[in-house]
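> Sharing a structure with you now.
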Amino acid sequence: MRHAADDGGGCRHRRLQSVIAPLCRPNSGSDRSWADRLLARNTSGKVVTSWLSLWHGKCYRTIVIMTRILLLIGAQIFLLALGCAQTVSLPEPPQVRAKNHVVSLTLHGVNENGRYAFAFNGGRVAPVIRASPGDVLSITYINDLPAKSRETCAVNPCMNMTNLHFHGLAVSPNAPQDDVIGMLAMPGQVLRYSVEIPRDHPPGLFWFWYHTHPHGESHRQVSDGMSGAIVIEGMERYAPQVGRLRERVIVLRGRSIEHDPNAAELRHHVEIQSKGCRGEAKAAEEIFTVNGAVRPRIEIAPKERQFWRMVNASADRYLDLQLDGQTFEIVALDGMPLAYHEPDGPTRTTNHLLLAPAGRLEAIVTGPPPGTHSALRTLCV
């Protein structure tokens, strides 16, 4: 990330230039020198994909994390952001909480302009469900997906059936709870879930993760956005410090440009080479979003500590996350507090972490000092 000189006009005259190069293993010295000119502090010998850049300047009084999540896996990408006006704040997904120990909500499965999504309260962003051990999730799930004929689906299963799976929750697999075999809704049908959270359930981030789970359908539905986060409260019992920190739920999701008309518009902003990440295959045409947005910013003050609950909502993309120049202070992995098994070591510090599809990372991050640059990156995996 690079700033042009500021002539006093603030955001209006600032130009940002981001070059994203996920070529993991350059094959020649010329390739390597080209990459080194684009990406700073590449001490591992691998070129990494820059996702988030942090800077301090006149436009913001805080350190701003600038998310660069436009990513064509395995291709070279050039993205020119023409100033501050093109950035948006990280969207905060709606949250649903328990009343009298019951979390009640209605979800609709919809398909708009060829893209699958959950509809909730008139929006197209899956809510974060927040519950405590002992609560009940009462969810009405309405399949409003369009019906398809058997002739249309003669080759691949595409009947638009759907359901919910509560990924990672230690709950009953029987109806009306986490039954992914018997509970299936065809277009126009309704499913009613009543999921009892055990009183001794560990706290942490879980991935509905809720998400859809019909075999033959779930990959496309999850890729497009039919999934959401569940937070089981009580992490403060294992890591008291997080109760004093600002919390963010961050959903990282890969999306196909081919199937997403909105993503397809971004074709005009990229230049693509044909070599894959390791020179083995043609690049997959895919971008990543953060809480449904492209290039959002996350504000964090210098030296401020925040509690980030991150989930890899991609259907099949692994992420090797690292915060350039910073570390992750890991509190929990995949919904399990580290202190649950190691009371004397409630957190661990690392400079990178591999996050599989549906993987969750809950960590404390610290804003860099004023005037410094940093980036959250993912290695090609």
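Every position in the sequence shown, counted from 1, becomes a number in the working numbering once 161 is added. For each residue, glycine too, the CB sits at the ideal point set by N, CA and C.
How many Å lie between Thr488 and Lys309 at the Cα?
Working through the sequence shown from its first residue, we reach residue 488 at position 327. Working through the sequence shown from its first residue, we reach residue 309 at position 148. Rounded to whole angstroms, Thr488 to Lys309 spans 48 Å at the Cα level.
> To the nearest angstrom, how far is the alpha carbon of His362 from that of Asp339?
Here residue 362 refers to the residue found at position 201 when the sequence shown is read from its first residue. Here residue 339 refers to the residue found at position 178 when the sequence shown is read from its first residue. Answer to the nearest angstrom: the Cα atoms are 15 Å apart.
> Looking at the structure shown, is Gly284 part of a helix, part of a strand, or coil, going by DSSP?
As a working mapping, residue 284 is identified with position 123 in the sequence shown. Gly284 falls in the strand class under three-state DSSP.
> Evaluate Arg276 with the Cβ neighbour count: other Cβ atoms within 10 Å of its Cβ, from every protein chain shown; 16 or more gives buried, anything less gives exposed.
In the sequence shown, residue 276 corresponds to position 115, counting from 1. By the 10 Å Cβ count, Arg276 comes out buried.
> Buried or exposed: which applies to Thr508, given that a residue is buried once 16 or more other Cβ atoms fall within 10 Å of its Cβ?
The residue given as residue 508 occupies position 347 in the sequence shown. Thr508 should be labelled buried.
> In the DSSP assignment, what are the bridge partners of Leu345?
By one-based count along the sequence shown, residue 345 stands at place 184. None; Leu345 has no bridge partner.
> Could you spell out where the beta strand (DSSP E) holding Arg466 opens and where it closes?
Here the question's residue 466 lines up with position 305 in the sequence shown. It spans Arg466 to Asn473 - the beta strand (DSSP E) in which Arg466 sits, taken as one unbroken run.
> Please return the same chain residues whose Cβ sits closer than 6 Å to the Cβ of Thr267, not counting the five positions on each side in sequence.
Mapped onto the sequence shown, residue 267 falls at position 106. Excluding residues within five positions, the ones whose Cβ falls inside 6 Å are Thr301.
> For the segment 258-283, which segments carrying the beta strand (DSSP E) assignment without a break, of at least 3 residues, lie completely within its bounds, in sequence order?
263-273 and 276-280
> Could you compute how far the alpha carbon of Arg360 sits from the alpha carbon of Phe281?
For the purposes of this step, residue 360 is identified with residue 199 of the sequence shown, where counting begins at 1. For the purposes of this step, residue 281 is identified with residue 120 of the sequence shown, where counting begins at 1. Rounded to the nearest angstrom, the two C-alpha atoms are 28 Å apart.
> If we ignore side chains and look at the alpha-carbon of each, how far apart do Glu378 and Met347 end up?
To locate residue 378, count along the sequence shown from 1; it is residue 217. To locate residue 347, count along the sequence shown from 1; it is residue 186. Cα to Cα, the separation comes out at about 12 Å.
> Using only the alpha-carbon positions, how far apart do Gly218 and Val286 sit?
Within the sequence shown, residue 218 is the residue found at index 57, counting from 1. Within the sequence shown, residue 286 is the residue found at index 125, counting from 1. Confidence at Gly218 is low in this model, with a pLDDT of 34, below 50, so its placement is unreliable and no value can be given for it.
> Going by DSSP, what residue range makes up the beta strand (DSSP E) through Arg383?
One-based indexing of the sequence shown puts residue 383 at position 222. One point to set straight first is that residue 383 is Val, not Arg, in the sequence displayed. Careful: Val383 lies outside any beta strand (DSSP E), inside the alpha helix (DSSP H) at Ser379 to Asp385.
> Rounded to the nearest angstrom, what separates Glu394 and Phe367 at their Cα positions?
By one-based count along the sequence shown, residue 394 stands at place 233. By one-based count along the sequence shown, residue 367 stands at place 206. Looking at the two C-alpha atoms, the distance is approximately 11 Å.
> Would you mind working out which of Val455, Arg456, Ala524 and Tyr354 sits nearest Leu482, comparing C-alpha positions?
Here residue 482 refers to the residue found at position 321 when the sequence shown is read from its first residue. The residue with the shortest Cα to Cα distance from Leu482 is Ala524.
> Between Asn304 and Val271, what straight-line distance do the alpha-carbon atoms span, to the nearest angstrom?
Here residue 304 refers to the residue found at position 143 when the sequence shown is read from its first residue. Here residue 271 refers to the residue found at position 110 when the sequence shown is read from its first residue. Rounded to whole angstroms, Asn304 to Val271 spans 7 Å at the Cα level.
> Residues bridged to Pro457 by DSSP?
The residue labelled residue 457 in the question sits at position 296 within the sequence shown. Partner(s): Val249.
> Check Met497 in the structure and name its three-state DSSP category.
Against the sequence shown, residue 497 aligns to sequence position 336. Looking at Met497 - three-state DSSP - the assignment turns out to be strand.
> Enumerate in chain order the residues of its own chain whose CB-to-CB distance from Pro530 is below 6 Å, with the five nearest sequence positions on each side excluded.
Residue mapping note: residue 530 aligns to position 369 of the sequence shown, counting from 1. So the list reads Pro463, once near-sequence residues are dropped.
> Pull up the distance between the alpha-carbon of Tyr479 and that of Val332, whole angstroms please.
As a position in the sequence shown, residue 479 is number 318, starting the count at 1. As a position in the sequence shown, residue 332 is number 171, starting the count at 1. Using only the alpha carbons, I get a separation of about 26 Å.
> In whole angstroms, give me the CA-to-CA distance for Arg409 and Leu330.
Reading the sequence shown from its first residue, position 248 is the one you call residue 409. Reading the sequence shown from its first residue, position 169 is the one you call residue 330. Straight-line Cα distance between these residues: approximately 21 Å.
> Would you check if the distance between the CB atom of Ala454 and the CB atom of Ser388 is smaller than 8 Å?
Mapped onto the sequence shown, residue 454 falls at position 293. Mapped onto the sequence shown, residue 388 falls at position 227. No, they are not a contact pair.
> Does DSSP put Gly506 in a helix, a strand or coil?
Position 345 of the sequence shown, counting from 1, holds the residue named residue 506. Note: Gly506 maps to coil in three-state DSSP.
> On the criterion of 16 or more Cβ atoms from any shown chain inside 10 Å, does Gln467 qualify as buried, or is it exposed?
The residue you call residue 467 lines up with position 306 of the sequence shown. Buried: at least 16 other Cβ atoms inside 10 Å.
> Can you give the beta carbon distance from Val392 to Val492, rounded, assuming they're within the 8 Å contact cut?
Here residue 392 refers to the residue found at position 231 when the sequence shown is read from its first residue. Here residue 492 refers to the residue found at position 331 when the sequence shown is read from its first residue. Between Val492 and Val392 the Cβ distance is about 13 Å, and since that is not below 8 Å, they are no contact.
> What three-state label does DSSP hand Arg553 in the structure shown?
No answer is possible for residue 553: it lies beyond the span of the chain, which begins at 162 and ends at 542.
> Count the other CB atoms, across all protein chains shown, that sit within 10 Å of the CB of Asp385; report buried if there are 16 or more and exposed otherwise.
As a working mapping, residue 385 is identified with position 224 in the sequence shown. Buried is the call here.
> Mapping the DSSP letters down to three states, classify Gln483 as helix, strand or coil.
Start at 1 with the first residue of the sequence shown, and residue 483 comes out as number 322. Strand.
> How many Å lie between Thr511 and Ile411 at the Cα?
Translated into positions along the sequence shown, residue 511 becomes position 350. Translated into positions along the sequence shown, residue 411 becomes position 250. Between Thr511 and Ile411, the C-alpha separation is close to 19 Å.
> Are the Cβ atoms of Ser299 and Val263 separated by less than 8 Å?
The count along the sequence shown starts at 1 and reaches residue 299 at position 138. The count along the sequence shown starts at 1 and reaches residue 263 at position 102. It is a contact, given that the beta carbons lie within the stated cut-off.
> Rounding to the nearest angstrom, what Cα-Cα distance links Glu490 and Arg470 in this structure?
Translated into positions along the sequence shown, residue 490 becomes position 329. Translated into positions along the sequence shown, residue 470 becomes position 309. Going by the C-alpha atoms only, they are around 12 Å apart.
> With distances taken Cα to Cα, identify the nearest neighbour of Leu499 among Leu352, Phe279, Glu397 and Ser250.
The residue given as residue 499 occupies position 338 in the sequence shown. Ranking Leu352, Phe279, Glu397 and Ser250 by Cα distance to Leu499 puts Glu397 first.
> Determine the closest residue to Pro307 out of His328, Gly295, Leu484 and Gln350, with distance taken between C-alpha atoms.
Here the question's residue 307 lines up with position 146 in the sequence shown. Comparing Cα positions, the closest option is Gln350.
> Over the uninterrupted beta strand (DSSP E) stretch that includes Ala524, give me the two end residues.
To locate residue 524, count along the sequence shown from 1; it is residue 363. From DSSP, the beta strand (DSSP E) with Ala524 extends over Arg521 to Thr527.
> So what does DSSP say about Gln402, is it helix, strand or coil?
On the sequence shown, residue 402 is found 241 positions in, with the first residue counted as 1. Correct three-state label for Gln402: helix.
> Rounded to whole angstroms, what's the CA-CA distance from Val451 to Val526? Just pull it up for me.
Counted from its first residue, the sequence shown places residue 451 at position 290. Counted from its first residue, the sequence shown places residue 526 at position 365. Rounded to whole angstroms, Val451 to Val526 spans 17 Å at the Cα level.
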